[in-house]
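Note that numbering that gives the first Met the number 0 has the sequence shown beginning at 0, numbered continuously upward. See structure below.
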Amino acid sequence: MRRTLLFNSIIAALLFLLWCVLDYCTVRVMQYPEEVRSLEWVLYIFPAIIFLPNFIITNGGILHKGVCSICYTIIVCVLELALISSFGVWFHFSIGGNL
């Protein structure tokens, strides 16, 4: 249990870092705000990035692994939304973005 909790915390931190990189690229590199939707498809990959490693490290049968991985994915997505809505918004404004 501790290993899974640590693993999912690391995944959440790495996904937040990925979100910050995407936000920086969107605000600083691309034509902002006209091209803001061009990298939006990457956000749909986040649940798969969470689900697949959890499916691999979870012990048990296929059904148990699937259910546990889905639960971990939901928990990490909620944690990720909390990180983005608190620290991510601050980062977005600090690099010159606006809503």
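Just so it is clear, CB atoms sit at the ideal spot from N, CA and C, and this is done for glycine as well. These figures come from a predicted structure and were not determined experimentally.
Tyrosine 23 versus arginine 36 - alpha carbon distance:
Position 24 of the sequence shown, counting from 1, holds the residue named residue 23. Position 37 of the sequence shown, counting from 1, holds the residue named residue 36. Taking the straight line from one Cα to the other gives about 14 Å.
Given this structure, state the Cα-to-Cα distance separating tyrosine 71 from phenylalanine 86, to the nearest angstrom.
Within the sequence shown, residue 71 is the residue found at index 72, counting from 1. Within the sequence shown, residue 86 is the residue found at index 87, counting from 1. A straight line joining the alpha-carbon of tyrosine 71 with that of phenylalanine 86 spans about 22 Å.
Spell out a yes or no on whether the segment 60–71 and the segment 28–42 are touching, meaning 3 or more CB-CB pairs, one atom from each, closer than 8 Å.
Touching, no, given that fewer than three Cβ pairs across the two stretches are closer than 8 Å.
Expected contact under 8 Å - CB spacing of proline 52 and isoleucine 10 to nearest Å:
If you number the sequence shown from 1, residue 52 lands on position 53. If you number the sequence shown from 1, residue 10 lands on position 11. Sure, about 7 Å apart at Cβ, within 8 Å.
Should phenylalanine 15 and leucine 82 be called a contact, given that it needs their Cβ atoms to be closer than 8 Å?
Mapped onto the sequence shown, residue 15 falls at position 16. Mapped onto the sequence shown, residue 82 falls at position 83. Taking 8 Å as the Cβ cut-off, phenylalanine 15 and leucine 82 qualify as a contacting pair.
Indicate the three-state DSSP secondary structure (helix, strand or coil) for isoleucine 74 in the structure shown.
As a working note, residue 74 is residue 75 in the sequence shown. Here DSSP, grouped into helix, strand and coil, assigns isoleucine 74 to helix.
Relative to the alpha-carbon of isoleucine 73, which residue among Phe50, Arg2 and Ile44 has its alpha-carbon at the smallest distance?
Within the sequence shown, numbered from 1, the residue matching residue 73 stands at position 74. Measuring from the Cα of isoleucine 73, the nearest candidate turns out to be Phe50.
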